[in-house]
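K.L.:
Read top to bottom, the protein sequences are chains E and S.
So for the first sequence, the working numbering puts the first residue at 59; every next one is plus one.
So for the second sequence, the working numbering puts the first residue at 5; every next one is plus one.
Have a look at this one.
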Amino acid sequence: AQTVTQSQPEMSVQEAETVTLSCTYDTSENNYYLFWYKQPPSRQMILVIRQEAYKQQNATENRFSVNFQKAAKSFSLKISDSQLGDTAMYFCAFMTWDSNYQLIWGAGTKLIIKP
Amino acid sequence: DSGVTQTPKHLITATGQRVTLRCSPRSGDLSVYWYQQSLDQGLQFLIQYYNGEERAKGNILERFSAQQFPDLHSELNLSSLELGDSALYFCASSPRTGMYLFFGQGTRLTVV
């Protein structure tokens with residue numbers, strides 16, 4: 059079965075610190091897409107970053123970057139210089155041909171940025 | 005603004021009633037997805053349409069149905085509503101299967 063595991067239900071850091079959210083997944087596929095979505099208190103789902111499994115280079119989007127370890131099936135999200143507006147639920151997800159390209163979601167990590 | 009528009013934003017209705025949620029995808033996106041998110045839960049995939057045809061079905065109840073129209077907007081119909089149907093319903097669109105999804109702001113449904 060294809061699964062996504064986010065082992066940290068909740069994290070909190072001080073503003074301006076760097077924080078890393080962990081995500082592991084399980085699939086027998088070789089080609090797939092990985093995502094991090096953010097859901098702030100407004101409840102809107104916002105795409106943070108996307109990684110294609112065939113690309114070795116880690117994706118980066120401003121203060122957000124990933125550490126993609128394909129062999130370990132790990133896809134962690136690093137947020138640098140964290141800001142109060144980063145407070146949100148963060149969901150890791152992936153899709154594969156085997157999942158009919160439907161997103162398989164993790165349970166989420168609640169991130170709180172403290173002033 | 006993701007470009008995906010959902011209406012209404014909030015809906016309060018009684019048990020046993022029927023409601024229709026509407027979604028307009030981003031311009032040019034052919035795929036529309038519907039998700040349900042109960043309080044403090046993850047997203048549950050309901051159904052996907054691609055260019056007017058049903059592409060994939062998830063954990064969608066028989067009381068729920070959806071369709072995508074020729075202009076690509078989609079509607080999710082929920083009938084015989086129960087208290088447990090109270091949730092945030094998201095619509096998302098993507099240009100093609102396998103691409104990232106852009107989500108609308110959701111419709112918050114409260115069944116009383």
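Each residue gets a CB set at the ideal place from its N, CA and C atoms; glycine is no exception.
Between which two residues does the beta strand (DSSP E) containing Q52 (chain S) stretch?
P.N.:
Start and end: Q48 to Y54.
K.L.:
Can you give the Cα-Cα distance for T111 (chain S) and V8 (chain S), rounded to whole angstroms?
P.N.:
One C-alpha to the other measures close to 12 Å.
K.L.:
On the criterion of 16 or more Cβ atoms from any shown chain inside 10 Å, does P29 (chain S) qualify as buried, or is it exposed?
P.N.:
That one is buried.
K.L.:
At least one CB of chain S closer than 8 Å to the CB of F133 (chain E): is that the case?
P.N.:
Not an interface residue.
K.L.:
Taking the beta strand (DSSP E) that S120 (chain S) belongs to, which residues open and close that run?
P.N.:
Past the boundaries of the shown model lies residue 120 (chain S); chain S is included only from 5 to 116, so the question cannot be answered.
K.L.:
Should W94 (chain E) and L142 (chain E) be called a contact, given that it needs their Cβ atoms to be closer than 8 Å?
P.N.:
No, Cβ-Cβ distance for W94 (chain E) and L142 (chain E) is not below 8 Å.
K.L.:
Return the first residue and the last residue of the beta strand (DSSP E) that W155 (chain E) is part of.
P.N.:
Unbroken run through W155 (chain E): none, as it is neither H nor E.
K.L.:
Hey, G56 (chain S) and Q40 (chain S) are a contact pair by Cβ (cut 8 Å); roughly how many whole angstroms apart?
P.N.:
At roughly 22 Å, the Cβ-Cβ gap does not stay under 8 Å, so G56 (chain S) and Q40 (chain S) are not in contact.
K.L.:
Could you check the C-alpha separation between N125 (chain E) and L105 (chain S) for me, to the nearest Å?
P.N.:
Cα to Cα, N125 (chain E) sits roughly 21 Å from L105 (chain S).
K.L.:
Within the chosen definition, does the stretch 77 to 92 of chain E reach the stretch 11 to 28 of chain S through at least 3 CB pairs nearer than 8 Å?
P.N.:
These segments do not touch.
K.L.:
Indicate the three-state DSSP secondary structure (helix, strand or coil) for L169 (chain E) in the structure shown.
P.N.:
Reduced to three states, the DSSP call for L169 (chain E) is strand.
K.L.:
Are any of the Cβ atoms in chain S nearer than 8 Å to that of Q187 (chain E)?
P.N.:
There is simply no residue 187 (chain E) to check, as chain E begins at 59 and stops at 173 in what is shown.
K.L.:
My parser needs the alpha helix (DSSP H) runs of 4 or more residues fully inside the stretch 8 to 72 of chain S; what are they?
P.N.:
Those alpha helix (DSSP H) runs which fall completely within the stretch 8 to 72 of chain S and span 4+ residues do not exist here.
K.L.:
Quick one: residues in its chain with C-beta nearer than 7 Å to the C-beta of G166 (chain E), no 5 flanking neighbours on either side, listed in chain order?
P.N.:
Same-chain partners within the cutoff: Q64, M147, Y148 and F149.
K.L.:
Please report the distance separating the alpha-carbon of N120 (chain E) from that of K96 (chain E).
P.N.:
About 15 Å.
K.L.:
Taking only beta-carbon atoms, is G143 (chain E) less than 8 Å away from chain S?
P.N.:
Not an interface residue.
K.L.:
Expressed to the nearest angstrom, what Euclidean distance is found between the alpha-carbon atoms of F152 (chain E) and W163 (chain E)?
P.N.:
Each residue's alpha carbon lies about 7 Å from the other.
K.L.:
Quick check on L87 (chain S): buried or exposed, where buried means 16 or more other Cβ atoms within 10 Å of its Cβ?
P.N.:
By the 10 Å Cβ count, L87 (chain S) comes out exposed.
K.L.:
Alpha carbon to alpha carbon, how far is T76 (chain E) from S90 (chain S)?
P.N.:
If you take the alpha carbons of T76 (chain E) and S90 (chain S), they lie about 37 Å apart.
K.L.:
If we require 3 or more residues per run, which beta strand (DSSP E) segments fall completely within the stretch 88 to 116 of chain E?
P.N.:
Within the stretch 88 to 116 of chain E, the complete beta strand (DSSP E) runs of at least 3 residues are 90 to 97 and 104 to 110.
K.L.:
Which same chain residues end up closer than 7 Å to M103 (chain E) when comparing Cβ atoms and leaving out the 5 residues on each side of it in sequence?
P.N.:
Result list for M103 (chain E): Y95 and Q97, in chain order.
K.L.:
Let me check one thing: in DSSP terms, what residues is R112 (chain S) bridge-paired to?
P.N.:
Answer by DSSP bridge pairing, in chain order: S:H14 and S:L92.
K.L.:
Let's see if you can read the secondary structure: which residues bound the beta strand (DSSP E) around E68 (chain E)?
P.N.:
Run containing E68 (chain E): E68 to Q72, per the beta strand (DSSP E) assignment.
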